[in-house]
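As structure tokens, the structure follows; a few thoughts come after it.
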DNA sequence: AAAATAAAATACTATTTTATCTTTTATTAG
DNA sequence: CTAATAAAAGATAAAATAGTATTTTATTTT
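Chains as they are written, first to last, in my numbering: chain A, 1270 to 1415; chain B, 1270 to 1415.
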């Protein structure tokens, strides 16, 4: 469904958010250790998100990634769009170039419902909510390490 | 969502079905012309589906692909599984190796609902239904050519 | 039997995605 | 001002997906 880049990006941003709340900045290494993601690849994703002003960063000692309070209501949708674009929310399920209610593919209506359900989910969830779930221990960003 | 191979495969099988009903066998060239898909690539997909006994084929003059009546109740789900496997129906939305109700990622429950909705759609739709929609003109397998 | 046809199999190419490594630039602590 | 630190940028590599071309095999028509 989501690309690997998007999966890592979401996990990273949720973690950054949960720590920014405490005023901490995080290095890529720390982030990747926590969310179990490849370091250099995740760095690229975060750099792209920084250019898009979704996360902030500072270089040098004590530098790292953080998220501005102003982004408190950032929706999961905004993040997915920033990384994967919106092909997931626009394209035809069977790949037709033109597919609409007036010239539908055989699963147009049903697929549209699924896709809209997904969009609704992503629009509803804010990064704040997601980070809170992790902070409260209700949800996790990595597999159990035993 | 689906891979290109899967998109072409679904369109091809629906078209083959709609013609098999009339007793016609179809060559790859004809199929690809109708569904606007790359010829050699689609051929490979169909050959794989033939090995999996989802479509049938005969070589030589008047040969081609067709679908056995016994496959009348073939579900879209079976086709998607045969081409893309079931990663779409099993994996975690955020890519966690282990993600379950007891150790959930932050979108586990909501994502599960979306995924199950999709699975339900694919299990409900039979190839017969989809082909009928195309035959009756209610749905289309290619963009409008004006 | 020979020629024609069409799928099957194999090999090859291109593009995109994922991942890693190296160099550069900015910032801060000493 | 110099070291050290950490992100930014760029270059490269590996893997997966998408797409094309060629050869082989089976079947049918003449």
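We put the beta carbon where it would ideally sit given N, CA and C, even for glycine.
How would you list, in chain order, the residues of chain B whose beta-carbon sits under 9 Å from the beta-carbon of residue i?
i	result
residue 1310 of chain A	Here the premise fails: no neighbours, minimum Cβ distance about 12 Å.
Check the Cβ-Cβ distances between residue i and every residue of chain B, and say whether any is below 8 Å.
i	result
residue 1394 of chain A	yes
residue 1303 of chain A	no
residue 1314 of chain A	no
Can you pull the chain B residues whose beta carbon is under 8 Å from the beta carbon of residue i, in chain order?
i	result
residue 1273 of chain A	1364
Can you pull the chain A neighbours of residue i, defined as C-beta to C-beta under 7 Å?
i	result
residue 1375 of chain B	1283, 1399, 1402, 1403 and 1408
Could you give the DSSP three-state label for residue i: helix, strand or coil?
i	result
residue 1334 of chain A	strand
residue 1410 of chain B	coil
residue 1399 of chain B	helix
residue 1295 of chain A	strand
residue 1369 of chain B	strand
residue 1287 of chain B	helix
residue 1317 of chain B	helix
Quick one: which chain B residues come within Cβ less than 7 Å of residue i?
i	result
residue 1280 of chain A	1363
residue 1413 of chain A	1367 and 1372
For residue i, which option in the options has the closest C-alpha, if you only look at C-alpha atoms?
i	options	result
residue 1277 of chain B	A:1362, A:1327 and A:1284	A:1362
residue 1365 of chain A	B:1414, B:1371 and B:1290	B:1414
residue 1290 of chain B	B:1316, B:1281, B:1393 and B:1336	B:1336
residue 1342 of chain B	B:1331, B:1302, B:1382 and B:1323	B:1323
residue 1409 of chain B	A:1334, A:1369 and A:1338	A:1369
residue 1301 of chain A	A:1321, A:1280 and A:1316	A:1280
residue 1315 of chain A	A:1331, A:1295 and A:1329	A:1295
residue 1345 of chain B	A:1356, A:1304 and A:1379	A:1379
residue 1382 of chain B	B:1274, B:1292, B:1357 and B:1340	B:1357
residue 1371 of chain B	A:1321, A:1406, A:1390 and A:1393	A:1406
residue 1318 of chain A	A:1359, A:1404 and A:1274	A:1274
residue 1329 of chain A	A:1305, A:1310 and A:1297	A:1297
residue 1349 of chain B	B:1404, B:1306 and B:1390	B:1390
residue 1376 of chain A	B:1304, B:1403, B:1313 and B:1312	B:1403
residue 1271 of chain A	B:1412, B:1395, B:1392 and B:1360	B:1360
residue 1355 of chain B	B:1412, B:1398 and B:1392	B:1392
residue 1325 of chain B	B:1292, B:1309, B:1308 and B:1412	B:1292
residue 1351 of chain A	A:1340, A:1374, A:1282 and A:1321	A:1321
residue 1264 of chain B	A:1374, A:1395, A:1394 and A:1386	Outside the shown range of chain B, which is 1270 to 1415, sits residue 1264 of chain B, and nothing can be said about it.
residue 1332 of chain B	B:1313, B:1307 and B:1299	B:1299
Examine chain A for any beta-carbon lying closer than 8 Å to the beta-carbon of residue i, and answer yes or no.
i	result
residue 1317 of chain B	no
By the criterion of Cβ-Cβ separation under 9 Å, what are the contact partners of residue i in chain A?
i	result
residue 1289 of chain B	Here the premise fails: no neighbours, minimum Cβ distance about 16 Å.
For this session: Output, in sequence order along the chain, the residues in the stretch 1336-1370 of chain A whose CB is closer than 9 Å to any CB in chain B.
Result: 1345, 1357, 1360, 1361, 1362, 1363, 1364, 1365, 1366, 1367 and 1368
Problem set entry | the stretch 1381-1405 of chain A: positions lying closer than 7 Å to chain B by Cβ | 1383, 1386, 1387, 1390, 1394, 1399, 1402 and 1403
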